[in-house]
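> I have a structure I would like to understand better, so I am pasting it below and will then ask my questions one at a time.
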Amino acid sequence: LLGFYGFAPKSASTEMKEVYGDFYFAGGYLGSPLFSCTFGESTGGNFSARPLQQPWSAAYAAIQDLAALESSGDKPTPEQIRQVIDFYLDILTAFSTTPMELTSFACSGEDDKGEAFALSFGPVRAGGFEPGIYPDFGLDALSVTGPDATSVELDNFTWKRMDFSGAIEALRHAAALDEAWFEANWRRLVPAMDGFSFDGLRIDAPNPESRGERIAASVGGFDATL
Numbered sequence: 080l081l082g083f084y085g086f087a088p089k090s091a092s093t094e095m096k097e098v099y100g101d102f103y104f105a106g107g108y109l110g111s112p113l114f115s116c117t118f119g120e121s122t123g124g125n126f127s128a129r130p131l132q133q134p135w136s137a138a139y140a141a142i143q144d145l146a147a148l149e150s151s152g153d154k155p156t157p158e159q160i161r162q163v164i165d166f167y168l169d170i171l172t173a174f175s176t177t178p179m180e181l182t183s184f185a186c187s188g189e190d191d192k193g194e195a196f197a198l199s200f201g202p203v204r205a206g207g208f209e210p211g212i213y214p215d216f217g218l219d220a221l222s223v224t225g226p227d228a229t230s231v232e233l234d235n236f237t238w239k240r241m242d243f244s245g246a247i248e249a250l251r252h253a254a255a256l257d258e259a260w261f262e263a264n265w266r267r268l269v270p271a272m273d274g275f276s277f278d279g280l281r282i283d284a285p286n287p288e289s290r291g292e293r294i295a296a297s298v299g300g301f302d303a304t305l
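Under the working numbering, the residues of the sequence shown are numbered 80 to 305, in order.
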């Protein structure tokens with residue numbers, strides 16, 4: 080684990096090793112005078128990783144340098160851009176997980192104007208991460224309520240798998256990461272996306288243009304497969 084974050088001597092190993100397995104969170108509560116939130120049970124399989132090629136401290140310093148250049152109006156060099164991008168690419172390919180699930184989440188309270196609100200959803204499921212690949216993500220039973228009995232409900236939302244491997248290869252083999260390269264190759268940086276879908280969307284809200292009237296809308300289902 081220390082090697083992954085760069086807090087231990089750098090290792091030449093590129094082998095994935097299990098950092099932890101059989102993750103379990105029994106649930107919890109977080110509250111204040113203004114809100115109250117409960118977290119349901121959460122489970123996961125294992126998290127495997129390899130040591131990062133550069134420590135977090137070096138990457139953080141490089142990011143700070145870019146921020147300073149932006150503040151002063153100066154442009155970063157291709158080498159400075161390369162250092163930061165290589166760090167993010169390293170992270171994207173340095174770990175893998177098995178599927179995870181959070182059974183429920185519910186939060187209610189008052190906003191800064193004293194109006195009541197409530198938010199709940201669950202279960203939430205995420206597939207297993209792989210090097211360069213973001214898994215599918217699914218959320219069930221979303222419910223949001225706010226002032227004037229405004230409500231939004233959604234039976235399911237699913238964001239499908241995204242593959243960044245093509246973008247990673249393009250960035251790694253770029254001769255120079257300058258403005259000209261990004262203008263010529265921006266399309267190669269778009270990940271391969273499987274799409275998204277949702278089911279059972281219901282909205283009920285006051286009509287802002289006509290006092291006393293309400294606006295109601297619903298969508299049975301939508302799917303975009305890419």
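Note that the Cβ used here is the ideal one computed from N, Cα and C, for glycine as well.
Every value quoted in this text rests on a predicted model; they were computed, and no experiment measured them.
Would you decide whether LYS96 is buried or exposed? Buried here means 16 or more other CB atoms lie within 10 Å of its CB.
Sequence index remark: in the sequence shown, residue 96 carries index 17 (1-based). Answer is exposed; the Cβ neighbour count stays below 16.
> State the CB to CB distance for the pair PHE126 and THR176, rounded to an integer number of angstroms; the pair is presumed to be in contact (CB under 8 Å).
Position 47 of the sequence shown, counting from 1, holds the residue named residue 126. Position 97 of the sequence shown, counting from 1, holds the residue named residue 176. Between THR176 and PHE126 the Cβ distance is about 5 Å, and since that is below 8 Å, they are a contact.
> May I ask you to report which of helix, strand or coil DSSP gives ALA315?
With the chain covering only 80 through 305, there is no way to say anything about residue 315.
> Could you name the residues of the same chain whose beta carbon sits closer than 7 Å to that of ILE208, not counting the 5 residues immediately before and after it, in chain order?
Position 129 of the sequence shown holds residue 208. One detail in the question is off: residue 208 reads as Phe in this sequence, not Ile. These residues qualify, in order along the chain: PHE174, SER175, THR176 and PRO214.
> Specify the secondary structure class of SER151 as computed by DSSP and reduced to three states.
The residue labelled residue 151 in the question sits at position 72 within the sequence shown. In the structure shown, SER151 sits in a helix (DSSP, three-state: H, G or I).
> Going straight from the alpha carbon of PHE184 to that of GLU232, what length do you get?
Locating residue 184 in the sequence shown gives position 105, where the first residue counts as 1. Locating residue 232 in the sequence shown gives position 153, where the first residue counts as 1. Near 15 Å, if we compare the C-alpha coordinates of GLU232 and PHE184.
> By Cβ distance below 8 Å, which residues in the same chain neighbour ASP169 in space, the five residues on each side in sequence not counted?
Along the sequence shown, one-based indexing puts residue 169 at 90. Only LEU131, GLN132 and GLN133 meet the Cβ criterion.
> Use the C-beta contact count for VAL203: other C-beta atoms within 10 angstroms, 16 or more gives buried, fewer gives exposed.
Here residue 203 refers to the residue found at position 124 of the sequence shown. It is buried - the Cβ of VAL203 has at least 16 other Cβ atoms within 10 Å.
> Note down the Cα distance separating SER244 from GLY188, rounded to an integer number of angstroms.
Counting from one through the sequence shown, the residue named residue 244 turns up at place 165. Counting from one through the sequence shown, the residue named residue 188 turns up at place 109. SER244 and GLY188: Cα-Cα distance of roughly 42 Å.
> From ASP273 to LEU198, what does the alpha carbon distance come to, in whole angstroms?
Start at 1 with the first residue of the sequence shown, and residue 273 comes out as number 194. Start at 1 with the first residue of the sequence shown, and residue 198 comes out as number 119. C-alpha separation (whole angstroms): 28 Å.
> What would DSSP say about SER183, mapped onto helix, strand or coil?
Position 104 of the sequence shown, counted from the first residue, corresponds to residue 183. Note: SER183 maps to coil in three-state DSSP.
> Is it true that the region 241–256 meets the region 156–168, where meeting means three or more beta-carbon pairs spaced less than 8 Å apart?
The region 241–256 is in contact with the region 156–168.
> Taking only three categories from DSSP, how would you classify ALA228?
Here residue 228 refers to the residue found at position 149 of the sequence shown. Here ALA228 sits in helix by DSSP.
> Between the region 249–256 and the region 210–230, are three or more C-beta pairs nearer than 8 Å?
Not touching, per the Cβ criterion.
> In the DSSP output, what is TRP238 paired with across the bridge?
Taking the sequence shown and counting its residues from 1, one reaches residue 238 at position 159. Partner(s): PHE216 and PHE275.
> Quick check: the Cα distance between ARG290 and PRO226, rounded to an integer number of angstroms?
As a working note, residue 290 is residue 211 in the sequence shown. As a working note, residue 226 is residue 147 in the sequence shown. Whole-angstrom Cα-Cα distance: 14 Å.
> With respect to the alpha helix (DSSP H) encompassing LEU168, which residues constitute its N-terminal and C-terminal limits?
Looking up residue 168 in the sequence shown gives position 89. Where LEU168 is concerned, the enclosing alpha helix (DSSP H) stretches over 157–171.
> For ARG240 and GLY300, I'd like the C-alpha separation in whole angstroms.
In the sequence shown, residue 240 corresponds to position 161, counting from 1. In the sequence shown, residue 300 corresponds to position 221, counting from 1. Approximately 19 Å between the Cα atoms of the pair.
> Am I right that ASP283 and ALA271 are in contact with their C-beta atoms under 8 Å? What's the rounded C-beta distance?
Position 204 of the sequence shown, counting from 1, holds the residue named residue 283. Position 192 of the sequence shown, counting from 1, holds the residue named residue 271. In fact, because the Cβ distance is near 37 Å, the residues do not count as touching under 8 Å.
> Is PHE261 buried or exposed, if buried means 16 or more other CB atoms sit within 10 Å of its CB?
Stepping through the sequence shown from its first residue, residue 261 is reached at position 182. Flag for PHE261 reads exposed.
> Does DSSP put LEU198 in a helix, in a strand, or in coil?
Along the sequence shown, read from residue 1 onward, the residue named residue 198 stands at position 119. Correct three-state label for LEU198: strand.
> What residue from TRP135, GLY100, ASP278 and GLY107 has the CA that sits closest to ALA87's CA?
Residue 87 sits at position 8 when you count from the first residue of the sequence shown. When only C-alpha atoms are compared, the closest one is TRP135.
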